[in-house]
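I have placed the structure first, in the form of structure tokens, so that the comments after it can refer back to it.
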Amino acid sequence: MADEFPQDGPQDVPQDGRIRDKLIATKQQWAREGRGLTGETADPARDRLPPGQRLVETWPVLDLGIMPRVSEANWTLAVDGLVDTPVTWSWADLQAQPRERVVSDIHCVTTWSRYDNRWEGVSTRHLLSIVRPRPEARFVLCHSSDGYTTNLPLDAFAAEDALLATGWEGQPISRDHGGPVRVVVPKLYFWKSAKWVKRIEVLAEDRRGYWEVRGYHNDAGPWREERYSE
Numbered sequence: 019m020a021d022e023f024p025q026d027g028p029q030d031v032p033q034d035g036r037i038r039d040k041l042i043a044t045k046q047q048w049a050r051e052g053r054g055l056t057g058e059t060a061d062p063a064r065d066r067l068p069p070g071q072r073l074v075e076t077w078p079v080l081d082l083g084i085m086p087r088v089s090e091a092n093w094t095l096a097v098d099g100l101v102d103t104p105v106t107w108s109w110a111d112l113q114a115q116p117r118e119r120v121v122s123d124i125h126c127v128t129t130w131s132r133y134d135n136r137w138e139g140v141s142t143r144h145l146l147s148i149v150r151p152r153p154e155a156r157f158v159l160c161h162s163s164d165g166y167t168t169n170l171p172l173d174a175f176a177a178e179d180a181l182l183a184t185g186w187e188g189q190p191i192s193r194d195h196g197g198p199v200r201v202v203v204p205k206l207y208f209w210k211s212a213k214w215v216k217r218i219e220v221l222a223e224d225r226r227g228y229w230e231v232r233g234y235h236n237d238a239g240p241w242r243e244e245r246y247s248e
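Residue numbers (my numbering): 19 to 248.
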């Protein structure tokens, strides 16, 4: 069962709540059972809605039960590992970066999708251009202030529509949705888009994150319906 702080040890910001063990166990059971799987695939160039998904108009709140009290005043982001120029940004540093606006869809492994989300933030490509990953870098591991982690190929993290998002639908991203800053990687199931991001670790070898070691698929491609590990 999950520890109170599942990956990173004691946290550096105040927390509200506790890990919801029953919820975690239920989702692990869903993974074992293949809940929501249709066995179908689709072509994102033709099919906007991935297999097994249903459209919603709201944005459901999903977390582990812990909600960090991260604010603009205490937010920092460290980017380290296999990079030539590690950085630690404050909120002011982030605000000094070029801003991007992206419209993209959300696809959640729990079978809901929401179209046309309007995001604002700093592109991950811009971030990577500053830290300059080394030639052997192939993956990133995102660390969150609630102890959550998730892993991505470096190429997926550097997608043209991927952001360190600070805004959604013209407003700052709310705390319950991972504000003040969350990762947004629209082409993958949304558990790969880490809320309350505090560190991005650049790696040569893949290192699975919180849900990936609990039965979720390592790649998380919605149109290939990569919900759970085989």
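Ideal Cβ placement from N, Cα and C applies to all residues, glycine included.
From the listed residues Asn92, Asp111, Thr128, Gly227, the smallest Cα separation to Gln71 is found for Thr128. If the five residues before and after Val220 are omitted, its C-beta is found closer than 6 Å to the C-beta atoms of Gly99, Leu100, Val101, Pro151, Ala155, Val158, all from its own chain and listed in chain order. Burial state of Ser192 is exposed, judged by a 10 Å Cβ sphere holding fewer than 16 other Cβ atoms. In terms of Cα proximity to Glu243, the closest of Pro69, Asp65, Asp30, Gly52 is Pro69. With distances taken between CA atoms, Gly35 lies nearest to Ile84 out of His125, Ile84, His195, Tyr234. Rounded to whole angstroms, the separation of the alpha carbons of Val79 and Gly196 is 9 Å. Annotation: Arg225 to Phe175 spans about 15 Å, alpha carbon to alpha carbon. In the pairwise beta carbon analysis, the stretch 125-143 is classified as touching the stretch 167-185: at least three pairs are separated by under 8 Å.
Scanning its chain for C-beta atoms nearer than 7 Å, with the 5 sequence neighbours on each side dropped, one finds around Thr94 the residues Thr106, Trp107, Ser108, Lys216, in chain order. Contact annotation: Ala49 and Tyr207 have beta-carbon atoms that are not nearer than 9 Å.
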